[in-house]
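Residue numbers for the sequence shown follow UniProt numbering, beginning at 2 and rising by one. Ideal Cβ placement from N, Cα and C applies to all residues, glycine included. The model shown is predicted, which means the values in this text are computed figures rather than measured ones. To keep things clear, I will list the structure first and then write my remarks on it.
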Amino acid sequence: KIAVEIENLMFFYPDGNKALDGVSFVVPERSKTVILGPNGAGKSTLLLHLNGLYTPNRGKVRIFGKLINAENIREIRKKVGLVFQDPDDQLFASTIFDDVAFGPQNLELDKKEILRRVEEALKAVDMWDLRDRPPHHLSLGQKKRAAIAGVLAMEPDIVVLDEPMAYLDPRGQEEITAILNRLNNEGKTVIVSTHDLDWALEWADYVVILNAGRVMAEGDKSILTNRR
Ligand code: ADP
Ligand code: ADP
C-alpha cells in the first residue's frame, strides 16, 4: 500500500526560484522513508506540500489515495503530522504541556481525552517530567522532542520530520532515532529529510534522492549502497 504519492510536483517561490521541478515518487505505507539530498535540494519545500501547507503550482499530492484539496485539508492534517526543522517555529505556549495540548484542543476533544493524548505523546518522547517547563528554557534536543510530541498528540498515521538530527550531538541524534524507530514499530509511516548519507544507510528502508528540485533515484535502501 502507498501512503503518499507525488506526481510531477512543481513549485516556484514568489521570486521565481524553481524549488521543485517535476518531482514524482511514492512512499510505501509503514515504511521508514528518507528524502536524501544536499542543502537547497528542495527537501523542506517538498515536505511542506505533504500536509497542504504549500499548494503545488503544478502536479498532485495524494495521501492514502486522496488528492489534497480545500475540503479535506483538516482531515489530511490529522493524518499527516509535520515536524519543522527548527522547533522554535513550533513551540510558542508558556509550558510544554500547553504546547502539546494545543493541537488536541483545536480538535475540540474533551478534557480527559486531551490529557490522555498529551500524556501519551510526552511519554513517547520521554518529556513528561518536563511538562511544566517553558519551552524556551529547554535544550535543543528537548525542544525537538517536545515538537515531536506536539505532532504525536494529533495521532497521525504519517509523521514527517524535516532534518530532525540537525545541530544535535550524537546522544541527541540517538534519542531521536530511537523515537523514529518506535513510531515505525507502532505502525506509522515515518518520512525524514536529511543530507546525511550514513544516517540514511543506517535507518531507512526506503529512499528518495533529491537534487536541485528533481528526483535522482527512488527505491529500497540498496540504491544507496551502490553510491558509496
Ligand atoms: P532543502 O530543504 O533541501 O535545503 P529548500 O526546500 O529549503 O531545500 O530549498 C529549495 C530551493 O528553494 C533552494 O534553492 C532555496 O534557496 C529556495 N528557497 C527556499 N525557501 C525559499 C524562499 N522562501 N524564497 C525563495 N527561495 C527559497
Ligand atoms: P486551561 O488552563 O486552559 O483551563 P488546564 O490547565 O485546566 O487548561 O488543563 C487542561 C487539563 O489538563 C486539566 O485536566 C488539567 O488538570 C490538565 N493539566 C494541565 N497541566 C497539566 C500538567 N502539567 N500535568 C498534568 N495535567 C495537566
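- Residue pairing by DSSP puts D221 in a beta bridge opposite Y207.
- Residue side-chain check: K19 keeps its Cβ at 6 Å or more from all non-hydrogen atoms of ligand 1.
- No Cβ-Cβ contact shorter than 7 Å links L184 with V193.
- Where D163 is concerned, there is no enclosing alpha helix (DSSP H), although the beta strand (DSSP E) around it starts and stops at 159 to 163.
- When only Cα atoms are considered, L10 and D99 end up about 36 Å apart.
- In the structure shown, E72 falls within a coil segment according to DSSP collapsed to helix, strand and coil.
- The beta carbon of D22 sits closer than 6 Å to the beta carbons of G214, R215 from its chain, once the five residues preceding and following it are set aside; these are given in chain order.
- Counting other Cβ atoms within 10 Å of its Cβ, N70 stays below 16 and is therefore classed as exposed.
- Looking at the DSSP output, D22 sits in a beta bridge with M11.
- Contact between L37 and L211 is confirmed by a C-beta separation of about 7 Å, below the 8 Å threshold.
- N40 has its CB nearer than 6 Å to a heavy atom of ligand 1.
- With contacts defined by Cβ atoms closer than 7 Å, G151 and V208 do not form a contacting pair.
- Taking the C-beta atoms as reference points, T34 is found no nearer than 7 Å to V27.
- C-alpha of Y55 to C-alpha of L49: approximately 6 Å in a straight line.
- Approximately 11 Å separates the beta-carbon atoms of A147 and L153; this is outside 8 Å, ruling out the contact.
- Just measuring C-alpha positions, the residue of D130, I77, Q174 sitting nearest K145 is Q174.
- Beta-bridge pairing by DSSP links L37 to T195, I210.
- Remark: three or more beta-carbon pairs, one from each stretch, lie closer than 8 Å, so the segment 158 to 166 and the segment 68 to 87 are flagged as touching.
- Nearest to E76 by alpha-carbon distance, out of Q143, L51, D90, is L51.
- Shown here, R172 sits in a helix according to DSSP, grouped into three states.
- One Cα belongs to E219, the other to D133, and the distance between them is close to 43 Å.
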